[in-house]
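Inspection log for the structure reproduced underneath, given as structure tokens.
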Amino acid sequence: MNIPLEHILLLSAVLFGIGILAVITKRHAVVVLMGIELIFNAANLNLVAFSRHDPQLLQGQLFSLFVIVIAAAEAAIALAIVLRVYQHFKTANLSDIVTDVNK
Amino acid sequence: MLFYIFAILAIVSGAYMVLTRNLLYAGFSLLIVLLSIAGIYVLLFADFIAVTQLMVYVGGVLVLILFGIMLSSRVHDKSVLSENVNTVWGTLVAGLIVVGLSYSILKSNISSLPWLQTMEMDVLGNQKSTVQTIGIKLMTDFVLPFEIASLLLLIALMGAAYIATDKQKV
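These protein sequence lines map, in sequence, to chains A and B.
Letter 32 of the first sequence, counting from 1, is numbered 32 in my numbering, and no numbers are missing.
Letter 164 of the second sequence, counting from 1, is numbered 267 in my numbering, and no numbers are missing.
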């Protein structure tokens with residue numbers, strides 16, 4: 001089955017836009033993190049799509065593997081920070097945290 | 104055909120992830136997005152990446168995110184709901200990004216690039232899967248990034264455990 005490359009790129013662009021929308025408009029820190037994961041997935045989709053045309057078959061897929069590893073590490077660190085922030089401010093809403101700092 | 108089903112599934116549940124206010128519904132629709140992206144990887148002849156996506160994202164990161172939701176919100180309160188801010192500007196910026204990216208993708212005529220036409224569709228050749236090639240490449244050409252990634256994972260897990268501990272009791 002021959003999937004056109006433009007369609008994969010368009011799907012990736014739409015997923016990237018949804019991730020950006022989640023990062024901008026959400027107040028809860030975990031949902032912002034989920035938007036960042038969506039952006040990583042859009043980038044990975046592009047890498048794998050171009051790797052299909054790679055004669056050595058490798059470099060896009062290997063790069064997306066490293067992206068997945070770094071995304072996992074980033075999720076662990078970010079959730080630890082969110083938990084500390086929640087313990088300190090008793091909330092995980094980003095706008096409430098800003099008002100608490102200014103006080 | 105299967106690609107379009109997965110693509111529509113991913114876009115619809117991604118849109119639901121943004122539109123819903125319930126954090127748990129957002130987490131589960133992110134699960135559907137990740138699963139359909141894994142299916143698209145299988146259709147793109149990237150079986151090892153698909154399995155890695157399933158194990159790391161769906162098995163690891165998503166469970167971690169659900170833990171984060173559970174631990175950082177009082178469920179019986181209203182705080183499992185998440186409000187929106189900057190809705191107009193956010194939608195405008197994201198829509199402009201999507202329109203610009205789509206315009207440039209459609210205008211740039213990617214399928215006629217010369218290096219994409221030389222090696223069309225015969226990526227797998229006579230081997231069954233990409234696992235052996237990825238393993239050989241990881242141990243030869245990409246051995247330094249591989250080791251650095253393992254070191255990064257160790258540092259990240261130790262750092263996360265250190266950040267999340269309660270420092271008053273230690």
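Idealized CB from N, CA, C, for every residue including glycine.
With 16 or more other CB atoms across the displayed protein chains lying within 10 angstroms of its CB, T91 (chain A) is buried.
Taking 8 angstroms as the upper bound on Cβ-Cβ separation, chain B lies near residues S64, L65, F66, I68, V69, I70, A71, A72, A73, E74, A75, A76 and I77 of the stretch 64–78 of chain A.
About 14 angstroms separates the beta carbon of F63 (chain A) from that of A42 (chain A), a gap too long to meet the 8 angstroms contact definition. The alpha-carbon separation between T190 (chain B) and T123 (chain B) amounts to approximately 13 angstroms.
With a beta-carbon spacing of about 15 angstroms, A118 (chain B) and I140 (chain B) fall beyond the 8 angstroms limit used to define contacts.
Residue contact check for V201 (chain B) against chain A: a CB pair falls below 8 angstroms. N189 (chain B) reaches chain A at I24 and T25, counting residues in chain order whose Cβ is nearer than 8 angstroms. A residue is called buried once 16 or more other Cβ atoms fall within 10 Å of its Cβ, and S51 (chain A) is buried on that count.
Residue environment: F170 (chain B) is assigned as exposed (fewer than 16 neighbouring CB atoms within 10 Å of its CB, all protein chains considered). For the options A:N2, A:S95 and A:G60, the alpha carbon positioned closest to that of V188 (chain B) is the one of A:S95. Of all residues in the stretch 142–171 of chain B, only I143, Y144, L146, L147, F148, A149, F151, I152, T155, Q156, V159, Y160, G163, V164, L167, I168, F170 and G171 come within less than 8 angstroms of chain A when Cβ atoms are compared, listed by chain position. Annotation for Q235 (chain B): the continuous alpha helix (DSSP H) segment containing it runs V234 to M242. Contact between the stretch 12–31 of chain A and the stretch 65–75 of chain A is absent: fewer than 3 CB-CB pairs across the two stretches fall below 8 angstroms.
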